[in-house]
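Undergrad:
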């Protein structure tokens, strides 16, 4: 084999085992201290001891990085030199004079705002169809789930061919309509007007299967006796759909919208490999990668990351606030 | 279902084709047509993936479209595999997939057990904090995390892709498994305790086997995530020999002096799908069950 696999794997493996032992030791230590030094109850000591690995991970891989990102965004850090504090200059440059900034925000936000509702609605409808007692349901489940297991790199390259203006599958299928209306075939990733629709179509193909599986789970969880009770009350199937199925599925819909929106805002691999025309703007996460890792402007890139974070945070807060209006939780009065 | 039975016994013969039943049959037919049509739409790109992997380089762009190559080039597979050190890439990928997977599933189960079964002060707030980290964009942590690993001198090592799994587990996994734990009656644990088992024994011998569907579904999600990860290996690994399959594949998209090898890329992509596909087909029942109990009671 090429290189020195054992020499590459073994040190990591050793550090992995050592770290695992250390974490285990800390957990046991927490239990010992809480029980024997503070004389706390058994449940409290065991509970804290069991969640110790998470607390450690939260501090090291969440809290410290987030705080650092905010701090770094006010510096000119470039990996080589010690960072200098430069105030809000990164933000001023980004918002005021960076020609990539606004197109990037526009593309990322529009993509998320349009693709997520379409994807969630379609997966809801699909799950309703699939939840009927169809024969061979397993086959369809596998079929729809297939696209979400294809490596993202392969997905993009596949779609680059499908979107090819001259020999791509999509324009081939569209050609009768295009000829009829006498419109030139769109150059999907090459024409700034079509970049956004192209990304949305691609995302639907990738995400629909995954989302449908989650929706299907939620659909199955709706208790059958609710429908029986409604039937006795003389409700027809449309009323049952509107008054039982949909409300009972709103927690899953909500969960999906929040998670999907956050991940849509952070689109990376498809954005990196679509080679879409830069005229349409670059996705924010790709721009962060470009500034930070290709141009080594870490401080500047973290300022962009903070803005992305604030956008997602704002959207998440709005969604959570809206919950009271449309999300129904069992055992809770409306 | 029961409605159909009563209908047909009440009015035998042709009369059973009443409007309600006709409507039901038509509804079912439409459902079949819909799911099948959509299934075809979903399959076409995948079919193309496989058929392209068997073509001669430029045939992919032939007009009119060649749905299946005249002479399937099966040797594309060994050719692609040998064009770059893919055997090494496969072992690298397995290393950065299986090691963190085992750790993160086990650690998540332990943390989930702590959150679901033991009452301690601040439990709900800590759980809420844990859930909210699920919604934190990775982008905001990416650069400082890179700097942390860099300061330990671990860039171009596998550590950044592997070690984090020991600490913390994965919020989504903890969430799903906690939901699953909460469906298990407390009496089962109490019985184990009376039999003299300690917490570790109860967890390993009684609780873990009971949440097997959840363990399976998070394992599939986790496997898929590490197996297909691209950004992580791209940022942290520099030597070609250390690359994973996804990063290696990317070289087939062509460079400054080299034409892209689409057929090789498609061949490698097809190969990469197979392990996950097998896992999903075998475990799809558990997979849905494992996800369901989390999403519904969420």
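Chains as they are written, first to last, in our numbering: chain A, 5 to 338; chain B, 1332 to 1629.
A virtual CB, placed ideally from N, CA and C, is assigned to each residue, including glycine.
Kindly list, in the order they appear in chain A, the residues whose Cβ is closer than 7 Å to that of residue 1362 (chain B).
TA: The residue you call residue 1362 (chain B) lines up with position 31 of the second chain. Going along chain A in sequence order, the residues near residue 1362 (chain B) (Cβ under 7 Å) are 133, 136 and 138.
Undergrad: Using the Cβ count rule (16 or more neighbours within 10 Å means buried), how would you classify residue 106 (chain A)?
TA: Here residue 106 (chain A) refers to the residue found at position 102 of the first chain. The residue in question, residue 106 (chain A), is exposed, as its Cβ has fewer than 16 Cβ neighbours within 10 Å.
Undergrad: Could you tell me whether the stretch 283 to 302 of chain A touches the stretch 208 to 220 of chain A, using the rule of 3 or more Cβ pairs below 8 Å?
TA: With a cut-off of 8 Å, the stretch 208 to 220 of chain A and the stretch 283 to 302 of chain A do not count as touching, because too few Cβ pairs lie within range.
Undergrad: Pull out every residue of the stretch 1541 to 1568 of chain B whose Cβ sits closer than 7 Å to any Cβ of chain A, in chain order.
TA: Correct list: 1555, 1559, 1561, 1562 and 1566.
Undergrad: Given residue 80 (chain A), which residues of its chain have a CB within under 6 Å of its CB, disregarding the five upstream and five downstream residues?
TA: Taking the first residue of the first chain as 1, we reach residue 80 (chain A) at position 76. For residue 80 (chain A), where only same-chain residues beyond five positions count, the Cβ hits under 6 Å are 88, 90 and 303.
Undergrad: List the residues of chain A whose Cβ lies closer than 7 Å to the Cβ of residue 1482 (chain B), in chain order.
TA: Against the second chain, residue 1482 (chain B) aligns to sequence position 151. In chain order: nothing, as chain A lies at least about 11 Å away.
Undergrad: At least one CB of chain A closer than 9 Å to the CB of residue 1516 (chain B): is that the case?
TA: By one-based count along the second chain, residue 1516 (chain B) stands at place 185. Taking Cβ atoms only, chain A never reaches closer than 9 Å to residue 1516 (chain B), which makes this a no.
Undergrad: Using a beta-carbon distance below 9 Å, is residue 1348 (chain B) in contact with chain A?
TA: For this step, residue 1348 (chain B) is matched to residue 17 along the second chain. Answer no: the Cβ-Cβ gap between residue 1348 (chain B) and chain A never drops below 9 Å.
Undergrad: Leaving out the 5 sequence neighbours to the left and right, which residues in its chain are closer than 7 Å to residue 310 (chain A) when beta-carbon positions are compared?
TA: Along the first chain, one-based indexing puts residue 310 (chain A) at 306. Cβ neighbours of residue 310 (chain A) beyond the five flanking positions: 73, 74 and 77.
Undergrad: Out of A:125, A:284 and A:28, point me to the one whose CA is closest to residue 201 (chain A)'s CA.
TA: As a working mapping, residue 201 (chain A) is identified with position 197 in the first chain. Checking every option, the nearest Cα to that of residue 201 (chain A) belongs to A:284.
Undergrad: Let me know if residue 1544 (chain B) comes out buried or exposed under the rule of 16 or more other beta-carbons within 10 Å of its beta-carbon.
TA: Here the question's residue 1544 (chain B) lines up with position 213 in the second chain. Per the 10 Å Cβ criterion, buried.
Undergrad: Does residue 1386 (chain B) come within less than 9 Å of chain A when only Cβ atoms are used?
TA: Translated into the one-based positions of the second chain, residue 1386 (chain B) becomes position 55. Taking Cβ atoms only, chain A never reaches closer than 9 Å to residue 1386 (chain B), which makes this a no.
Undergrad: Near residue 1489 (chain B), which residues of its chain fall below 7 Å by C-beta distance, leaving aside the five closest residues on each side in sequence?
TA: Working through the second chain from its first residue, we reach residue 1489 (chain B) at position 158. Once the five neighbours on either side are set aside, the close Cβ partners of residue 1489 (chain B) are 1426 and 1427.
Undergrad: Where residue 1324 (chain B) and residue 123 (chain A) are concerned, what is the direct C-alpha to C-alpha distance, given to the nearest angstrom?
TA: It is not possible to answer for residue 1324 (chain B), since the shown part of chain B is limited to 1332 through 1629.
Undergrad: Return no unless some Cβ of chain B is closer than 9 Å to the Cβ of residue 329 (chain A).
TA: On the first chain, residue 329 (chain A) is found 325 positions in, with the first residue counted as 1. No, no contact with chain B.
Undergrad: Using a Cβ cut-off of 9 Å (strictly closer), state whether residue 158 (chain A) contacts chain B.
TA: Residue 158 (chain A) sits at position 154 when you count from the first residue of the first chain. Residue 158 (chain A) counts as touching chain B.
Undergrad: With C-beta atoms as the reference, is residue 1465 (chain B) less than 9 Å away from residue 1502 (chain B)?
TA: Numbered from its first residue, the second chain carries residue 1465 (chain B) at position 134. Numbered from its first residue, the second chain carries residue 1502 (chain B) at position 171. Their beta carbons are under 9 Å apart, which means residue 1465 (chain B) touches residue 1502 (chain B) by this criterion.
Undergrad: List, in order along the chain, the chain A residues whose C-beta lies closer than 8 Å to that of residue 1454 (chain B)?
TA: One-based indexing of the second chain puts residue 1454 (chain B) at position 123. What residue 1454 (chain B) touches in chain A: 51.
Undergrad: Which residue marks the beginning of the alpha helix (DSSP H) containing residue 78 (chain A), and which one marks its end?
TA: The count along the first chain starts at 1 and reaches residue 78 (chain A) at position 74. It is not in any alpha helix (DSSP H) - residue 78 (chain A) carries neither H nor E in the DSSP assignment.
Undergrad: What residues of chain B sit near residue 57 (chain A), judged by a beta carbon separation below 8 Å?
TA: Here residue 57 (chain A) refers to the residue found at position 53 of the first chain. By Cβ distance, chain B contributes 1438, 1441, 1442, 1497, 1498, 1499 and 1500.
Undergrad: Which two residues bound the contiguous alpha helix (DSSP H) that contains residue 1412 (chain B)?
TA: Residue mapping note: residue 1412 (chain B) aligns to position 81 of the second chain, counting from 1. It spans 1407 to 1414 - the alpha helix (DSSP H) in which residue 1412 (chain B) sits, taken as one unbroken run.
Undergrad: So, is the C-beta of residue 1532 (chain B) closer than 9 Å to a C-beta in chain A?
TA: Here residue 1532 (chain B) refers to the residue found at position 201 when the second chain is read from its first residue. No, residue 1532 (chain B) lies away from the interface with chain A (no Cβ there is under 9 Å from its Cβ).
Undergrad: Please report how far the alpha carbon of residue 1498 (chain B) lies from the alpha carbon of residue 36 (chain A), in whole angstroms.
TA: Along the second chain, one-based indexing puts residue 1498 (chain B) at 167. Along the first chain, one-based indexing puts residue 36 (chain A) at 32. Cα to Cα, residue 1498 (chain B) sits roughly 20 Å from residue 36 (chain A).
Undergrad: Whose C-beta lies closer than 7 Å to the C-beta of residue 1559 (chain B) among residues of the same chain, with five residues either side of it excluded?
TA: Taking the first residue of the second chain as 1, we reach residue 1559 (chain B) at position 228. Same-chain partners within the cutoff: 1577.
Undergrad: Tell me whether residue 1340 (chain B) sits in a helix, a strand or coil according to DSSP, three-state version.
TA: On the second chain, residue 1340 (chain B) is found 9 positions in, with the first residue counted as 1. Confidence is the limiting factor: at residue 1340 (chain B) the pLDDT is only 44, short of 50, which leaves the residue's position unreliable, though a coordinate-based value still follows. The answer is helix: DSSP assigns residue 1340 (chain B) an H, G or I state.
Undergrad: Do you know how far the Cα of residue 144 (chain A) is from the Cα of residue 1640 (chain B)?
TA: The question about residue 1640 (chain B) has no answer here: the residues shown for chain B are numbered 1332 through 1629.
Undergrad: Hey, could you find the ends of the alpha helix (DSSP H) residue 1485 (chain B) is sitting in?
TA: Indexing the second chain from 1 puts residue 1485 (chain B) at position 154. No alpha helix (DSSP H) contains residue 1485 (chain B), which DSSP labels as neither H nor E.
Undergrad: Provide the residue span of the alpha helix (DSSP H) that contains residue 1632 (chain B), from first to last.
TA: Not covered by the structure: residue 1632 (chain B). The range shown for chain B is 1332 to 1629.
Undergrad: If residue 152 (chain A) sits next to residue 224 (chain A), beta carbons under 8 Å apart, how far is it from one beta carbon to the other, in whole angstroms?
TA: Indexing the first chain from 1 puts residue 152 (chain A) at position 148. Indexing the first chain from 1 puts residue 224 (chain A) at position 220. Between residue 224 (chain A) and residue 152 (chain A) the Cβ distance is about 19 Å, and since that is not below 8 Å, they are no contact.
Undergrad: Which residues in chain B have a C-beta closer than 8 Å to the C-beta of residue 270 (chain A)? List them in chain order.
TA: The count along the first chain starts at 1 and reaches residue 270 (chain A) at position 266. Residues of chain B passing the Cβ test: 1468, 1469 and 1470.
Undergrad: Would you be able to state if there are at least three C-beta pairs under 8 Å between the stretch 1449 to 1469 of chain B and the stretch 50 to 60 of chain A?
TA: Touching, yes, given that three or more Cβ pairs across the two stretches are closer than 8 Å.
Undergrad: Return the chain-ordered list of same chain residues with a C-beta closer than 8 Å to the C-beta of residue 1400 (chain B), the five sequence neighbours on each side being excluded.
TA: For the purposes of this step, residue 1400 (chain B) is taken as the residue at position 69 of the second chain. Cβ neighbours of residue 1400 (chain B) beyond the five flanking positions: 1382, 1385, 1386, 1387 and 1390.
Undergrad: Does any residue of chain A have a CB that is nearer than 9 Å to the CB of residue 1614 (chain B)?
TA: Residue mapping note: residue 1614 (chain B) aligns to position 283 of the second chain, counting from 1. So no, residue 1614 (chain B) is outside the interface.
Undergrad: Just to check my reading of the structure: residue 1445 (chain B) and residue 220 (chain A) have Cβ atoms closer than 8 Å, yes? What is that Cβ distance to the nearest angstrom?
TA: Here residue 1445 (chain B) refers to the residue found at position 114 when the second chain is read from its first residue. Here residue 220 (chain A) refers to the residue found at position 216 when the first chain is read from its first residue. Actually they do not touch by this definition, with Cβ atoms about 30 Å apart.
Undergrad: Do you know offhand how far residue 1336 (chain B)'s Cα is from residue 1352 (chain B)'s?
TA: On the second chain, position 5 is the one that residue 1336 (chain B) refers to. On the second chain, position 21 is the one that residue 1352 (chain B) refers to. With a pLDDT of only 42 at residue 1336 (chain B), under the threshold of 50, the placement of this residue in the model should not be trusted, and no figure is reported.
Undergrad: Buried or exposed for residue 1398 (chain B), please, with buried defined as at least 16 other CB atoms from any protein chain shown within 10 angstroms of its CB.
TA: As a working note, residue 1398 (chain B) is residue 67 in the second chain. Burial call: exposed.
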